[in-house]
Amino acid sequence: MQSSITDIKKEKRILLEKHLNGSLNSYQSLFACDSDAIYAMDLDGYFIPLNPACALIFGYNSDEFSKLTYMKVMKLEHLDRAISFFYKAIDGKLQNFDCQIVHKSGKLIDLNMTNYPIVIDGEIVGVYAVAKDITELKQKRKKLMEDIQQRENTYRDIVEHSPDAVAIVKDEQILFANDTAVELIGAKDKNEVIGKSIYDFLDSPYSDIVKQRARNVENGKAVDFIVEKLVRLDGTIIEVEVKAIPAIFQNEPARHIIIRDIMEKKRTQKLLLQSEKLTVAGQLAAGIAHEIRNPLTAIKGFIKLMDTGREFNSGYLDIINSEVNRIELILSELLLLAKPQSMKFEKRDLSTILEHVKTLADTQAIMRNIGIHILYLTEIPEVYCDENQLKQMFINFLKNSVEAMPKGGEIIIEVQCTDSNQIKIRFIDQGCGIPKEHLERIGQPFFTTKDNGNGLGLMISMQIIENHNGTINISSDENGTTMEILLPIQ
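Throughout the sequence shown, residue numbering follows the UniProt record's numbering, covering 1 to 490 in sequence.
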């Protein structure tokens, strides 16, 4: 039986050689130019070289190569796979695989091999093989993977030590969280965070917004910081700023999410706001003292007249009452401005707010020979606002205008509704203006064009506008400055 199998193999070897010597002669010139090793194998796995590249890749000349089988050149760890692929090719199936062979010199060579059957008269008599040297490609790929791993390790180190909380999220699942994120969430360790849904830590009203932003990031767009509310593991809710950018994590597209706790920022802003309120109140005090002295002089005079015991005109009481009311209004506005208060949004009459602010600012403006006039260009509806914050903002603008007009003049406040459901308020002065090169820096903390200013007043005013979802535009030249504020009507 063994002899008959051997005889069959010998017959098929003869058929194979005749086939290669005959029908493939026309391809010799093509094979000779190919840098890939092209060869055949008989049913016992012995090589039959077909082009010069066999000697280059395997290191053996034609005679040496013909006395070898793939089992002699294959690296031991790859031998079982190579045998399996060889027999699958003999069964009639094309095979493609990567492996390592041992070059004659002893050097390991990475190859990509393709085996497919040679069929003559319906019988498989051997295997064609093409071997491509991929050693350099493998080394480049290995180097690339090492570089990628190094970058990922560097990225991980940077993220891990970031002062901001960082989470890597794919779909809804948290794949990574740095120590800052773990601390922000109130977890004991990363196991309490990783693997959870990002929505487990999100206040439910923000879910739809976050889902839309997630879709934008998945489409390759970064989304800027917005304020959201985060639910800690102990159930407490904190305000945070959140930004997301597209990222690759473990070779998969993901979202790199940056989370900043803004509670401290809010506390700082509150302190700055209160500090600026007190500063403004102090600066207005001199003008208010002057304004109050006039009605007090009148009141004292009438009281002296009444104290003589003679009959007096009853109109004296009306005058006294009027002057007392004016003093009371000025003082109440001053106290309201300086008093610490939390933000409280309610519907308020903007016209009344502006008139009250004008009352306060008039005291300083009159001393500088400046007139303040409010022009209502349309009917003005109520606005949803924090009244005290708007008052502080308007006083800041008027104070700046007054200080920019040492020679006196007029300040016009124009108020009107726009077609875009907003109220436009324009403060127009006749001051010295702001140099063009300084306009872009207006509103930055501690930047000011005044000798004794600190730049916080306008910065806080801009923050107040932002708190009210409004916008501000500033234009200026040598004829004066215009501050244009747009507030939404809600």
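Glycine residues also receive a C-beta, built at the ideal position from the N, C-alpha and C atoms.
Since we're looking at a predicted model, the values are computed, not measured.
Could you please give the first and the last residue of the uninterrupted alpha helix (DSSP H) stretch that includes residue 51?
Where residue 51 is concerned, there is no enclosing alpha helix (DSSP H), given that its DSSP letter is neither H nor E.
Which class does residue 393 belong to by DSSP, given the choice of helix, strand or coil?
helix
Assigned exposure category for residue 178 - 16 Cβ within 10 Å defines buried
buried
Nearest-angstrom Cα distance between residue 483 and residue 426?
6 Å
Tell me which same chain residues have a C-beta within less than 8 Å of the C-beta of residue 180, skipping the five on either side of it?
162, 163, 164, 165, 166
What are the boundary residues of the beta strand (DSSP E) that residue 243 is part of?
237-249
Could you tell me which of 413, 382, 386, 20 sits nearest to residue 372, measuring between CA atoms?
413
Sequence-distant residues of its chain with Cβ nearer than 8 Å to residue 237 (five each side left out):
203, 229, 230, 231.
Hey, quick one: how far does the beta strand (DSSP E) through residue 230 stretch, first residue to last?
Residues 223-231.
For residue 430, does the three-state DSSP call read helix, strand or coil?
Residue 430: coil per DSSP, three-state reduction.
In whole angstroms, what is the alpha-carbon distance linking residue 433 and residue 258?
41 Å
Classification of residue 222 by the beta-carbon crowding that lies within 10 angstroms, buried from 16 upward
exposed
Touch test, the region 344-363 against the region 375-394, Cβ-Cβ under 8 Å, three pairs minimum
yes
Considering only residues of the same chain and omitting the five flanking positions on each side of residue 185, which have a CB-CB separation below 7 Å?
193, 201, 232, 233
Classify residue 469: buried if its beta carbon has 16 or more other beta carbons within 10 angstroms, exposed otherwise.
exposed
Could you tell me the alpha carbon to alpha carbon distance between residue 42 and residue 136, rounded to whole angstroms?
30 Å
Assigned secondary structure, residue 80 (DSSP; H/G/I helix, E/B strand, else coil)
In this structure, DSSP gives residue 80 a helical state, which the three-state scheme calls helix.
Let me know if residue 213 comes out buried or exposed under the rule of 16 or more other beta-carbons within 10 Å of its beta-carbon.
buried
Using 9 Å as the threshold, is the C-beta distance between residue 51 and residue 40 below it?
no
Residue 183 versus residue 174 - alpha carbon distance:
15 Å
Nearest residue (CA-CA) to residue 170, options 104, 127, 252, 410
The option with the nearest alpha carbon to residue 170 is 252.
So, residue 458 versus residue 415, is the Cβ gap smaller than 9 Å?
no
Buried or exposed: residue 98, going by 16 or more other Cβ atoms within 10 Å of its Cβ?
Counting Cβ neighbours within 10 Å, residue 98 comes out exposed, since fewer than 16 surround it.
Hey, is the region 73-93 in contact with the region 146-155, meaning 3+ C-beta pairs nearer than 8 Å?
no
Compute the Euclidean distance between the alpha carbons of residue 368 and residue 346, then round it to the nearest angstrom.
35 Å
Of the residues 488, 404, 81, 110, the one placed nearest residue 420, counting alpha carbons only:
488
Can residue 260 and residue 240 be called in contact, C-beta distance under 9 Å?
Here residue 260 is near residue 240, since their CB atoms are less than 9 Å apart.
Hey, quick one: how far does the beta strand (DSSP E) through residue 468 stretch, first residue to last?
Taken as a continuous stretch (DSSP letters only), residue 468 belongs to no beta strand (DSSP E), as it is neither H nor E.
Residue 502, enclosing beta strand (DSSP E) - first and last residue:
Nothing about residue 502 can be read from this structure; the chain reaches only from 1 to 490.
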